[in-house]
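Read the structure below first, then the notes.
There are 2 protein chains.
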Amino acid sequence: MKKETTIYDIARELNISPATVSRAMNGHPAINIKTKERVDKLARELGYQSNRFASNLRKQRSHTLGVIVPRLNSVVMSSILSGMERVANEGGYNLIISQSLELEKKEIENARTMFNSRVDALLISLAFDTDTFDHIAPFIKKKIPVVFFDRVLDHPSCTSVVIDNFRDGYEATRHLIGQGCRNLLHVTGSLKRNVYRDRLRGFETALREFGLPYTDDSLLVTGFDAEAPNAVMDRIAAMETPPDGIFFTNDACAASTIILMKKAGYRVPHDIAVVGFNDDPISKVVEPNLTTVHYPAMEMGEIAVQTIISHLEGNLNVNQGSAIVLRSEMVVRESSLRPDKTI
Amino acid sequence: MKKETTIYDIARELNISPATVSRAMNGHPAINIKTKERVDKLARELGYQSNRFASNLRKQRSHTLGVIVPRLNSVVMSSILSGMERVANEGGYNLIISQSLELEKKEIENARTMFNSRVDALLISLAFDTDTFDHIAPFIKKKIPVVFFDRVLDHPSCTSVVIDNFRDGYEATRHLIGQGCRNLLHVTGSLKRNVYRDRLRGFETALREFGLPYTDDSLLVTGFDAEAPNAVMDRIAAMETPPDGIFFTNDACAASTIILMKKAGYRVPHDIAVVGFNDDPISKVVEPNLTTVHYPAMEMGEIAVQTIISHLEGNLNVNQGSAIVLRSEMVVRESSLRPDKTI
DNA sequence: ATGAAAGCGCTAACAA
DNA sequence: TTGTTAGCGCTTTCAT
Numbered sequence: 009m010k011k012e013t014t015i016y017d018i019a020r021e022l023n024i025s026p027a028t029v030s031r032a033m034n035g036h037p038a039i040n041i042k043t044k045e046r047v048d049k050l051a052r053e054l055g056y057q058s059n060r061f062a063s064n065l066r067k068q069r070s071h072t073l074g075v076i077v078p079r080l081n082s083v084v085m086s087s088i089l090s091g092m093e094r095v096a097n098e099g100g101y102n103l104i105i106s107q108s109l110e111l112e113k114k115e116i117e118n119a120r121t122m123f124n125s126r127v128d129a130l131l132i133s134l135a136f137d138t139d140t141f142d143h144i145a146p147f148i149k150k151k152i153p154v155v156f157f158d159r160v161l162d163h164p165s166c167t168s169v170v171i172d173n174f175r176d177g178y179e180a181t182r183h184l185i186g187q188g189c190r191n192l193l194h195v196t197g198s199l200k201r202n203v204y205r206d207r208l209r210g211f212e213t214a215l216r217e218f219g220l221p222y223t224d225d226s227l228l229v230t231g232f233d234a235e236a237p238n239a240v241m242d243r244i245a246a247m248e249t250p251p252d253g254i255f256f257t258n259d260a261c262a263a264s265t266i267i268l269m270k271k272a273g274y275r276v277p278h279d280i281a282v283v284g285f286n287d288d289p290i291s292k293v294v295e296p297n298l299t300t301v302h303y304p305a306m307e308m309g310e311i312a313v314q315t316i317i318s319h320l321e322g323n324l325n326v327n328q329g330s331a332i333v334l335r336s337e338m339v340v341r342e343s344s345l346r347p348d349k350t351i
Numbered sequence: 009m010k011k012e013t014t015i016y017d018i019a020r021e022l023n024i025s026p027a028t029v030s031r032a033m034n035g036h037p038a039i040n041i042k043t044k045e046r047v048d049k050l051a052r053e054l055g056y057q058s059n060r061f062a063s064n065l066r067k068q069r070s071h072t073l074g075v076i077v078p079r080l081n082s083v084v085m086s087s088i089l090s091g092m093e094r095v096a097n098e099g100g101y102n103l104i105i106s107q108s109l110e111l112e113k114k115e116i117e118n119a120r121t122m123f124n125s126r127v128d129a130l131l132i133s134l135a136f137d138t139d140t141f142d143h144i145a146p147f148i149k150k151k152i153p154v155v156f157f158d159r160v161l162d163h164p165s166c167t168s169v170v171i172d173n174f175r176d177g178y179e180a181t182r183h184l185i186g187q188g189c190r191n192l193l194h195v196t197g198s199l200k201r202n203v204y205r206d207r208l209r210g211f212e213t214a215l216r217e218f219g220l221p222y223t224d225d226s227l228l229v230t231g232f233d234a235e236a237p238n239a240v241m242d243r244i245a246a247m248e249t250p251p252d253g254i255f256f257t258n259d260a261c262a263a264s265t266i267i268l269m270k271k272a273g274y275r276v277p278h279d280i281a282v283v284g285f286n287d288d289p290i291s292k293v294v295e296p297n298l299t300t301v302h303y304p305a306m307e308m309g310e311i312a313v314q315t316i317i318s319h320l321e322g323n324l325n326v327n328q329g330s331a332i333v334l335r336s337e338m339v340v341r342e343s344s345l346r347p348d349k350t351i
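Just so you know, the sequences run in chain order Z and L. Sequence positions in the first sequence follow this note's numbering and run 9 to 351. Sequence positions in the second sequence follow this note's numbering and run 9 to 351.
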């Protein structure tokens, strides 16, 4: 492998100092335009390639953002990542992405790697079973900005980007109640996570408000894996009277379950009305089309990275500890509409 | 921000040389086990964190793999990435991921960034409209291994990981013909890309083999965007006689189009049989369930990274220029089954 | 088994 | 506007 071209080579060739070359390359204001042109030209000719390690080492910055997500391959997460990548790329930042696979253990490992990779900032959405904050603490201590998104943790020195999960849970439930449902089931994920906990709170609040019972039968916590729809069917079968409405916090699971319910002879929405969450493309394909809550995923990724970059560049510093709440909205489709049963 | 702990701090404290500390940290064979223990212990106490930039600068390696994909948020791509991340992470490599958004221009930019970031290897799946190889050439020239996956380019010094697109296209078409279809439509993506070109070749080959006509009406090239299903409907309407079978190379598009076809009064599969591609979860939700080709996405990501890592570590060097062909398989569901029409 | 010393390529403070 | 100089923190000969 032949030697790389460095700024020294360029400097020598041009009879100027490496410092000048460096300045020329980086658009330093106090540089002769003539000099800059000569440098740029020669650099191009020599196929010069800036060495980031040297630059990072010197500047103590990596221009890299670390992202930890539960899984890469979910509709919401991959859209969030897509938004993040776009904005990061535009801002001249690289993205190092890793997934926890919903395991706290892996999340901790990943956080350590990010820390050692000296990311300029950390963006993280928590795994199902994460309990501790210890893996985040080192970042805080070292003043590396941390932004939580989607599955967040309330911490005074971290910004978070979320939707109003409580409100959405409440609205979804009220919508079902408005359609005449009186025996509701809520199918959701780990209650350790705000997204599920808050939606459940919304669910409960709506039930209470309308004087409907909230019993052991009303809640089913799942991992949203391939088995989840079967678990829902089992629950339905086990209930004293089958539910007349189900609020899922995941469209894919809702859609698969609708298929099973129909096979089992339940009419949707007539016997069982269904509301999902996320506005996954699948919601427009399942029959009946799924009522759901639109999740502004791409936007969430964009905002999260924008925030962190502004912070890093010292502009518009969103106060530490504040939350950015994105607009989410119910999309009513056929799976929940029971005009005949509405009071 | 207080100063970082370096190997010098540890060396001073222990009255040994930085070189020894470095060796201890990196499991150098010729190091006293006692010394190593003392170093490790102090390092832990001091919260020592190795500086990758310095190490990379010195070693001229980044332990980072660059990945360029058309889009992050597609079912197939996000699964491929998920597989890649898992294996990379296990192997101690970071992943820098960027998306071309199907634009050659952005792909070129991204490649340059990867190059400057000094990734140890490049993994890439090409954008719809990429024509040139120029952005890849620098990697080859500098002997940075390049692996193409999914949307590949035939190049003597790059490995590629693919499925047998020709065969799958052929099988899918033959399946439709076997179901009595005689007037087929093929809906696909940019023919600049092997995946679509090869599937089309399979389509044509099957038609020819059974003496069926391949006309201008037989092919519709789309961008698989939100408008694609409408374009398909327009084409159906414009055809002299509507097709009795459609082979889509994308499940999401196939599913959405099925919805529209049903609305327009076509019975699927009776009037129009449909085959998709990818085995997207949506294929099990649309009614009738979609016949498709299972795409081993996660596996593809895993293999691609495994290959590159083995190469980097000098083991099992898959010959340059060779192709790894993964097993893909048709999954027959209801959208294509017309027992009454089978000959 | 350990140490001394040089240098990876870049940037920034200071000087001119 | 440019140059001088001194590291950033690590690894790796070459000695010992």
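Glycine included, C-beta positions come from ideal geometry on N, C-alpha and C.
query                                                                                                                 : result
Chain Z residues whose Cβ lies nearer than 9 Å to that of ALA62/L                                                     : PHE61, LEU65
Contact under 8 Å by Cβ, ARG175/Z with SER133/Z                                                                       : no
Beta-bridge pairing of GLN107/L - partner residues as DSSP gives them                                                 : VAL77/L
Span of the beta strand (DSSP E), counted from its first residue to its last, around HIS183/Z                         : Unbroken run through HIS183/Z is the alpha helix (DSSP H), 173 to 186; no beta strand (DSSP E).
Runs of alpha helix (DSSP H) wholly within the region 240 to 294 of chain L (minimum 4 residues, chain order)         : 259 to 271
Assigned secondary structure, MET9/Z (DSSP; H/G/I helix, E/B strand, else coil)                                       : Note that MET9/Z has pLDDT 39, beneath the 50 cutoff, so the model's placement of it is unreliable and the number below is only indicative. MET9/Z falls in the coil class under three-state DSSP.
Limits of the beta strand (DSSP E) - the one that THR196/Z falls within                                               : 192 to 196
Euclidean distance between Cα positions of PRO153/Z and ASN34/L                                                       : 30 Å
Nonlocal neighbours in the same chain, by C-beta distance under 8 Å from TYR303/L, ignoring five residues either side : VAL84, ILE171, PHE285, ASN286, ASP287, SER336
C-beta contact flag for PRO289/L and SER343/L at 8 Å                                                                  : no
CA-to-CA distance, GLY100/L to MET9/Z, given in whole angstroms                                                       : Any answer about MET9/Z is weak, because its pLDDT of 39 lies below 50 and its placement is not dependable; what the coordinates show is given next. Their backbone Cα atoms lie some 25 Å apart in a straight line.
Where the alpha helix (DSSP H) containing VAL313/Z begins and where it ends                                           : 305 to 320
Interface residues of chain L facing GLN57/Z [CB-CB closer than 7 Å]                                                  : PHE123, ASN124
Chain-ordered chain Z contacts of ARG79/L [CB-CB under 8 Å]                                                           : SER90
Backbone secondary structure at SER25/L - three-state DSSP                                                            : coil
Start-to-end residues for the beta strand (DSSP E) that takes in PHE157/Z                                             : 154 to 157
Proximity below 8 Å, CB of CYS189/Z to CB of GLY329/Z                                                                 : no
Distance between ALA234/Z and LYS292/Z (C-alpha atoms, nearest Å)                                                     : 20 Å
C-beta atoms of GLU110/Z and HIS143/Z nearer than 8 Å                                                                 : no
Span separating the alpha-carbon of PRO78/L from that of VAL333/L                                                     : 21 Å
Alpha helix (DSSP H) segment containing ALA331/Z, residue limits                                                      : Per DSSP, ALA331/Z belongs to no alpha helix (DSSP H); it is in the beta strand (DSSP E), 331 to 334.
Where VAL293/Z meets chain L, residues with beta-carbon distance less than 7 Å                                        : ALA263, SER264, ILE267, ILE290, VAL293, VAL294
Backbone secondary structure at ARG20/L - three-state DSSP                                                            : helix
Pick from THR300/Z, ILE311/Z, LEU320/Z that is closest to ARG341/Z, judged by C-alpha positions                       : THR300/Z
Backbone secondary structure at ILE15/Z - three-state DSSP                                                            : helix
8 Å contact criterion, which THR138/Z and THR196/Z should meet: CB distance rounded                                   : Incorrect: roughly 17 Å between the Cβ atoms, too far for contact.
Length of the line joining the Cα atoms of ARG126/Z and LYS151/L                                                      : 27 Å
Candidates ASP17/L, LEU80/L, ALA281/L, of which the one nearest HIS194/L by Cα                                        : ALA281/L
Whole-angstrom distance between LEU228/Z and VAL240/Z, CA atom to CA atom                                             : 8 Å
Local Cβ density within 10 Å of GLY74/L, reported as buried at 16 or more and exposed below that                      : buried
Residue environment, ILE41/Z, which counts as buried when at least 16 other CB atoms sit within 10 Å                  : exposed
DSSP bridge partner residues for LEU89/Z (one or two, in chain order)                                                 : None; LEU89/Z has no bridge partner.
Test: ASN286/L CB closer than 8 Å to a CB of chain Z                                                                  : no
ILE185/Z versus TYR204/L - alpha carbon distance                                                                      : 48 Å
Members of the region 151 to 179 of chain Z near chain L, C-beta cut-off 9 Å                                          : LYS151
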